[in-house]
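A quick write-up on the structure given underneath.
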Amino acid sequence: MLLRVRHAVSEGLLLIVALLFIFPIVYTVASSLKPAGEVFSRPPTLVGSELRWANYTEVFEYAPFHRYILNGVIQSGLGTVVVLIVSALAAYAFGILRWRGRDQTLLAYLATMMIPQEVLVIPMFLLLQRLGWINTWQALILPWAFGAFGTFLLRQFFLSLPYELVEAARVDGCNHWQTFLRVILPLAKPSLAVLGVWTFITYWNSFLWPLIVVNDIVELGNVSIGLQTFFGERGAAWNLILAASVIAIAPTILVVILLQKHLVKGIATVGLAGR
Amino acid sequence: MARKRSEGPAALGFLVPSVVGLTIFVMVPTILAIATSLFDWPTFGDVEFAGLKNYQRLFARGSTFPAALRNTIVFTLVIVPLNLVLTLGLAFWVATSRWRRFYRVLFFVPVVTPTVATSIIWKMIYQPGGILDDLLSRVGFTMPNLLGTGNTALMAVVVVVIWNGLGYNTLIFSAAIDQLPDDVIAAARIDGASGWRQLWHVKIPLLTPAIFFATTITMIHAFQVFAQPYVMTAGGPGTATVTVVMDVYQTAFQGGALGAASAPAMVLFALILVVTAVQWLGQRKWVHYE
């Protein structure tokens, strides 16, 4: 009995903590529907004097958020495709094929993960300047598509596949390319999904690099850049800024809810691979 | 068993895209990063060799770097232990709940939310006359302008950074807690170990690999804080919330001095390398691998 009471109290407290934790986002959604001037009304209220849905249409009139969303989808989509292809190919070499120097090469790969993006932005900018790539799609996509993280994640998964499958394919006369395409990739779908979701979110939320390399915000800016610009413009009212923030947040919350399994699995794999 | 042919040539083929990409977009820029820090390198105009001048300038009068370095170190020293204690506690707590899967997703939401958006949200919350101000004044506190006051701005940003990243380590620890071997814990219980002793002497030691991983990642992330202070305070008031990454960004892309900005970037790189190396060397002492 005492144990059950304790458990109930613990559940109740946890619920309160969780609600407090998520309150900033709830309050933002509520405030994004308030009339202008009521965001900081005293005393603060959760819901304004009316639900002003027009805030959302006005945001799109003031700033091309549909364009920012489209730009983000294109960058994240293309970036994810490149990362998946490059990582899967390399992971096949590291996880399935057997060759001398494999483990040393993998270690060298992993070492590159130690180099933070912030250290590379200046030389990367110089490199792209020489290539004439500043303010282009490829400048947003390619520089960060070759990290060793994806290769490592997929390799861990490939190692868990039974090697007999590869040998069977060999006996059936498959060459490496066919084994990769017809045997390994179909089996790797769950891990490709994990990597895909992570990569998409990383590109979607990128901020520092687009801030550096994008000059034409409407043409190339993602939601973060668009939101920062909108926020920085004087005179934008708080209710509209919050509506814009909700527009930026909504897709990611949707992704978390829909794809939670893949996200959780990705973190678990990476976290537990630390051993 | 048949002698296997080496699959080296095939491996080379599969590695081509990744090796080419890594060379162009990681190796070359890394070398270039070291080189640029030794030059006077304006965005437009002539490049001139400068030796170690860019590094000497870091500590010259009027440089924002000392403040940025100090802030970044304070950030890391506060964020890492606070984050680890909170997330480890939360992970154990959530594991006892019937709705643990729901909670894991809920705490994870800010992790995948664009940082610019969460920074704007917290700026609204901290605003004088805003909701936090009002709530505190009801219980008799007069709140200073948190983001506008030198003493409080850095800690206000710390709170946002911790809130933003809390779900990540919580999820890592949750995954590790799920994998704790039942037989070991059952054995401890049969031996009469109390709940607290089970936690401290059995579970936590089993979790040290995950704790090690989380510590390393959190530390690296704390060194790289940029978006939250950039959006909320732009480094102010004064230099109270400037971080090293912000110093790099502002010197390079607002000041147009790419060479001078490469010096703090290299210092950041060295810091991350040293701290990670120390972590790796120290792990023998406290990380238990089975």
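As they're listed, the protein sequences go chains L and G.
Every number in our numbering is 7 more than the matching position in the first sequence, counting from 1.
Every number in our numbering is 1394 more than the matching position in the second sequence, counting from 1.
Glycine is no exception: its CB is placed at the ideal position from the N, C-alpha and C atoms.
Member of the options whose CA lies at the smallest distance from the CA of residue i
i	options	result
L:Leu127	G:Trp1674, G:Gln1622, G:Val1505 and G:Gly1653	G:Gly1653
G:Leu1409	L:His183, L:Pro123 and L:Leu194	L:His183
G:Ala1651	L:Leu215, L:Leu133 and L:Lys41	L:Leu133
G:Lys1597	G:Ala1581, G:Phe1663 and G:Val1474	G:Ala1581
L:Ala115	L:Leu188, L:Phe101 and L:Arg105	L:Phe101
G:Trp1487	G:Leu1426, G:Ile1571 and G:Phe1607	G:Ile1571
G:Ile1514	L:Ile32, L:Leu149 and L:Trp60	L:Ile32
L:Tyr75	L:Val225, L:Ser252 and L:Ala244	L:Val225
G:Tyr1562	G:Gly1445, G:Thr1509, G:Phe1502 and G:Val1668	G:Phe1502
L:Ser83	L:Leu40, L:Asn212 and L:Ser17	L:Asn212
L:Gly273	L:Leu265, L:Gly139 and L:Ser198	L:Ser198
L:Ala15	G:Thr1490, G:Phe1606 and G:Met1626	G:Thr1490
L:Pro51	G:Thr1507, G:Pro1411 and G:Gln1521	G:Gln1521
Where residue i sits in the DSSP three-state scheme
i	result
G:Leu1601	helix
G:Phe1502	helix
G:Phe1433	strand
G:Phe1443	strand
G:Ala1651	strand
G:Pro1538	coil
G:Thr1481	helix
L:Arg282	Reliability of the predicted coordinates at L:Arg282 is poor, the pLDDT of 39 falling under 50, and the value obtained from them is presented with this limitation in mind. Note: L:Arg282 maps to coil in three-state DSSP.
G:Thr1645	helix
G:Val1533	coil
G:Asn1448	helix
G:Ile1579	helix
G:Ser1656	helix
G:Asp1528	helix
L:Val46	coil
G:Met1395	Model confidence at G:Met1395 stands at a pLDDT of 39, short of 50, so the residue's coordinates are unreliable; what they give is reported in the following sentence. G:Met1395: coil per DSSP, three-state reduction.
L:Pro123	coil
G:Thr1630	Note on identity: in this sequence residue 1630 of chain G is Gly, with Thr being the wrong assignment. Reduced to three states, the DSSP call for G:Gly1630 is coil.
L:Val54	coil
G:Arg1455	coil
G:Tyr1497	helix
G:Val1661	helix
G:Ala1587	coil
G:Phe1469	helix
L:Phe207	helix
G:Gln1677	helix
L:Gly273	helix
Rounded straight-line distance, which links the Cα of residue j to that of residue i
i	j	result
L:Gly281	G:Ser1400	Any reading at L:Gly281 must be qualified, since the residue scores a pLDDT of 44, below 50, and its modelled position is unreliable; the value itself is stated next. The alpha-carbon atoms of L:Gly281 and G:Ser1400 are separated by roughly 29 Å.
L:Leu172	L:Ile103	11 Å
L:Tyr63	L:Pro193	42 Å
L:Phe47	G:Leu1529	13 Å
L:Leu161	L:Leu270	14 Å
G:Ala1569	L:Ile208	21 Å
L:Ile129	G:Thr1417	16 Å
G:Gln1648	G:Leu1406	42 Å
L:Leu215	G:Arg1494	34 Å
G:Asp1434	G:Val1441	6 Å
L:Gly79	L:Val204	14 Å
L:Phe30	G:Ile1584	42 Å
L:Gly239	G:Asn1448	31 Å
L:Ser38	L:Val54	7 Å
G:Met1537	G:Leu1560	25 Å
G:Leu1446	G:Ser1457	16 Å
G:Trp1557	L:Thr119	29 Å
G:Gly1586	G:Leu1593	13 Å
G:Met1395	L:Phe164	Low per-residue confidence applies at G:Met1395: pLDDT is 39, beneath 50, and the placement is therefore not dependable enough to give any value.
G:Leu1665	L:Arg49	46 Å
G:Arg1397	L:Leu96	For G:Arg1397, the predicted model reports a pLDDT of 43, less than 50, meaning its position is unreliable and no value from the coordinates is stated.
G:Met1518	G:Thr1637	22 Å
G:Ala1634	G:Leu1548	6 Å
L:Ile23	G:Ala1655	45 Å
Segment limits, alpha helix (DSSP H) that includes residue i
i	result
G:Gly1559	Gly1544 to Asp1572
L:Ser17	Leu9 to Ser38
L:Arg109	Arg109 to Thr119
L:Ile81	Phe72 to Gly102
G:Lys1517	Thr1509 to Tyr1520
G:Ala1414	Before going on, a small fix: residue 1414 of chain G reads as Val here, not Ala. G:Val1414 -> alpha helix (DSSP H) spans Gly1402 to Leu1416.
L:Leu261	Trp245 to Leu265
G:Met1626	Ala1621 to Met1626
L:Gly233	Val230 to Gly239
L:Asn62	Ala61 to Tyr69
G:Leu1593	Premise fails: G:Leu1593 is in no alpha helix (DSSP H) and is neither H nor E.
L:Val225	Ile224 to Leu227
L:Val220	Leu215 to Val220
Could you tell me which uninterrupted alpha helix (DSSP H) segments, each at least 4 residues in length, are contained entirely in the region 127-204 of chain L, listed from first to last along the chain?
144-148, 155-167 and 170-178
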